[in-house]
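Asker: Can you read through this structure? Questions will come right after.
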Amino acid sequence: MAGSVLASASRTLDRIQELLARAPDPESEQPLAKCAELYIPVVKYSLPQAIDALEKNRFGFAEYGLSDAGNEAEECEKNLSGQGGSPVMEGNELVRNLVDVALAIIKVLQKSF
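Counting with our numbering, you get residues 1 to 113 for the letters of the sequence shown.
Here it is as structure tokens:
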């Protein structure tokens, strides 16, 4: 499940970077740049480390990395929603929803160990 979160976050970051490359002015570029700043560490560090932690049954650390991804997706959406609608709303929502499912699975796993 954490792999699905990473895949979705990666696709959302790719979309943000595409939009950034085509941003017509600094006003529309700024919130997209902020979203990229939020997503890059999630995709490069937080989620890969969470996946590694899951493989080692380190559920607390995995929970932290996944929660970070969800929080950053939510923050990105807040930054963009003030711009007359978020062009990556679906990606942000998917990341958030996948994180919620992954965290629920971790809670079940924690009870099993």
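From the three backbone atoms N, C-alpha and C, an ideal C-beta is built for every residue, glycine too.
Just to confirm before moving on: does the CB-CB distance between S8 and V88 stay below 7 Å?
Answerer: No, the pair does not count as a contact, with Cβ atoms beyond the cut-off.
Asker: Using a 10 Å radius around the Cβ and a threshold of 16 neighbouring Cβ atoms, would you call N57 buried or exposed?
Answerer: Exposed, since its Cβ has fewer than 16 Cβ neighbours within 10 Å.
Asker: Excluding five sequence neighbours on each side, which residues of the same chain lie with their C-beta closer than 7 Å to the C-beta of N79?
Answerer: Around N79: P31, K34, C35.
Asker: Going by Cα to Cα distance, which pick from S4, R11, Q110 is closest to F61?
Answerer: Of S4, R11, Q110, the residue nearest in Cα terms is Q110.
Asker: Can you tell me the Cα-Cα spacing of A53 and E63, whole angstroms?
Answerer: Near 9 Å, if we compare the C-alpha coordinates of E63 and A53.
Asker: Mind checking which residues open and close the alpha helix (DSSP H) that includes K44?
Answerer: Neither: K44 is in no alpha helix (DSSP H) and is coded neither H nor E.
Asker: If you measure between the beta carbons of C76 and L47, is that distance less than 7 Å?
Answerer: Cβ atoms of C76 and L47: not closer than 7 Å.
Asker: Leaving out the 5 sequence neighbours to the left and right, which residues in its chain are closer than 6 Å to A2 when beta-carbon positions are compared?
Answerer: Correct list, in chain order: A50, I51, L54, A102.
Asker: Starting from R133 and walking both ways along the alpha helix (DSSP H), at which residues does that stretch end?
Answerer: With the chain covering 1 to 113 only, the question about residue 133 has no answer from this structure.
Asker: For K56, report the span of its alpha helix (DSSP H) as first-last.
Answerer: Careful: K56 lies outside any alpha helix (DSSP H) and carries neither H nor E.
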